[in-house]
Amino acid sequence: MPEKPNQFGKSTLLNIARLLVFSLVVWMIYRTIIASQQDFSEYELSFRDLSFQWLSIAAISYSLGLTCFACFWHGTLRILGQQPSRTESLGSYWLSQLGKYVPGKALVIIIRSERVCSVHTKRNPAVAAVFIETLGMMAVGAVISGLLLAIFYDRHQDNYLLYLNVGLAIAAGIPAMPPLFRKVISILSKRKSKGSLVVDIESLTLKTIWPFWLLSAVGWGFLGFSLHAVLYAIPSEHSVSQLGWSDFPIILSTVALAMVAGFVSLLPGGAGIREYVILTLLTPIVGVALAAASAVILRLIWLFVELFFASLFFILMRRNPRSALE
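According to numbering that gives the first Met the number 0, the sequence shown is numbered sequentially starting from 0.
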């Protein structure tokens, strides 16, 4: 049966919108790569000087860390009564990571909720799950960073970052608490006549969500090790001191605070904010040159990992749409 004119027009507009979003994401990623290459050229280093083995470990660690967060997202969808496949959940998560390079971060929500939607997953719970996972992940990261910065205060002695960390933990942690989140959803649902979402979110409790907060903490550990591996990848002659495992708590807190602060800034990929945090906390350990270089290398490694998995899951989801399998 032929499509009605209004259906055809709506479908065409939707495809045009998707093409524009894709083009915008590609352009912003291209700009990020060019800017990173220019930043890297300022240091007396070349990519040939770096250890491929440690860069590979950094990439693997980052992929494991984000997989933990993606499983958090999958688990949240299940808590809300949705039934996405693991491929749909992980695929939508990795694809949405590319949206963070566009100012405002709104594309992360749009891409993830749009890609996971199917007859098994409703849009409104999917959007709610994005906020639950993101707030939870950020709150856990801020708490980890804050505790480590407080315990190892003598290693950095930066009150500003410590206060910033406390503020971020409160800002992300309070809304992430299930009772408050359910209350907010209840109020919004009444205003927008979306009462079904209130029913979907009743299963969101501390009992159901805390295992995923714990999984998120594991994910942050992998991200911290990713930066640690990047620092090991840089030749030791560029470092002002010998890097050791005693430095890992500061390195982990650096990654967590840099990511949380970068996310809250709403800048593309947290540009500038992450670098500031990394420079401030790592300079006493490895020197300003190595700290700055590691920030650039980390940005590129993480971007390439995101591009790889986003491409992989895009192909998998195109070849094996769930509606065709069930």
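Virtual Cβ for every residue (Gly too), placed ideally from N, Cα, C.
Buried versus exposed, by CB contacts within 10 Å (16 or more), residue i
{"i": "residue 201", "result": "exposed"}
{"i": "residue 118", "result": "exposed"}
{"i": "residue 244", "result": "exposed"}
{"i": "residue 324", "result": "Any reading at residue 324 is ruled out, since the residue's pLDDT is 34, under 50, leaving its predicted position unreliable."}
{"i": "residue 296", "result": "buried"}
{"i": "residue 314", "result": "exposed"}
{"i": "residue 234", "result": "exposed"}
{"i": "residue 152", "result": "exposed"}
{"i": "residue 280", "result": "buried"}
{"i": "residue 186", "result": "exposed"}
{"i": "residue 239", "result": "At residue 239 the pLDDT is 46, less than 50, meaning the model places this residue with poor confidence; the figure from the coordinates comes in the next sentence. Classification for residue 239: exposed."}
{"i": "residue 307", "result": "exposed"}
Under 9 Å between C-beta atoms of residue i and residue j
{"i": "residue 172", "j": "residue 68", "result": "no"}
{"i": "residue 211", "j": "residue 74", "result": "yes"}
{"i": "residue 115", "j": "residue 144", "result": "no"}
{"i": "residue 223", "j": "residue 204", "result": "no"}
{"i": "residue 149", "j": "residue 167", "result": "no"}
{"i": "residue 272", "j": "residue 286", "result": "no"}
{"i": "residue 248", "j": "residue 163", "result": "no"}
{"i": "residue 258", "j": "residue 90", "result": "no"}
{"i": "residue 83", "j": "residue 94", "result": "no"}
{"i": "residue 112", "j": "residue 101", "result": "no"}
{"i": "residue 140", "j": "residue 278", "result": "no"}
{"i": "residue 179", "j": "residue 123", "result": "no"}
{"i": "residue 105", "j": "residue 137", "result": "no"}
{"i": "residue 199", "j": "residue 99", "result": "no"}
{"i": "residue 133", "j": "residue 177", "result": "no"}
{"i": "residue 60", "j": "residue 221", "result": "yes"}
Short CB-CB distance (under 9 Å) between residue i and chain C
{"i": "residue 121", "result": "Note that chain C does not occur in the displayed structure, where there is just one protein chain."}
Nearest-angstrom beta carbon gap, residue j and residue i [assumed within contact, 8 Å]
{"i": "residue 231", "j": "residue 242", "result": "7 Å"}
{"i": "residue 72", "j": "residue 128", "result": "6 Å"}
{"i": "residue 97", "j": "residue 305", "result": "6 Å"}
Residue closest to residue i, alpha-carbon to alpha-carbon, out of the options
{"i": "residue 62", "options": "246, 170, 226", "result": "226"}
{"i": "residue 156", "options": "303, 128, 291, 282", "result": "282"}
{"i": "residue 250", "options": "288, 294, 92", "result": "294"}
{"i": "residue 309", "options": "49, 60, 65", "result": "65"}
{"i": "residue 303", "options": "221, 108, 55", "result": "55"}
{"i": "residue 169", "options": "198, 135, 154", "result": "135"}
{"i": "residue 289", "options": "314, 313, 229", "result": "229"}
{"i": "residue 298", "options": "48, 58, 178", "result": "58"}
{"i": "residue 181", "options": "137, 131, 158, 152", "result": "131"}
{"i": "residue 46", "options": "108, 183, 300, 96", "result": "300"}
{"i": "residue 86", "options": "60, 221, 70", "result": "70"}
{"i": "residue 154", "options": "246, 291, 275", "result": "246"}
{"i": "residue 78", "options": "183, 209, 284, 292", "result": "209"}
{"i": "residue 274", "options": "108, 292, 284", "result": "292"}
{"i": "residue 159", "options": "276, 307, 284", "result": "276"}
{"i": "residue 165", "options": "142, 184, 216", "result": "142"}
Check: residue i C-beta below 8 Å from any heavy atom of the ligand SAH
{"i": "residue 296", "result": "Absent from the structure shown: the ligand SAH. Ligands present: none."}
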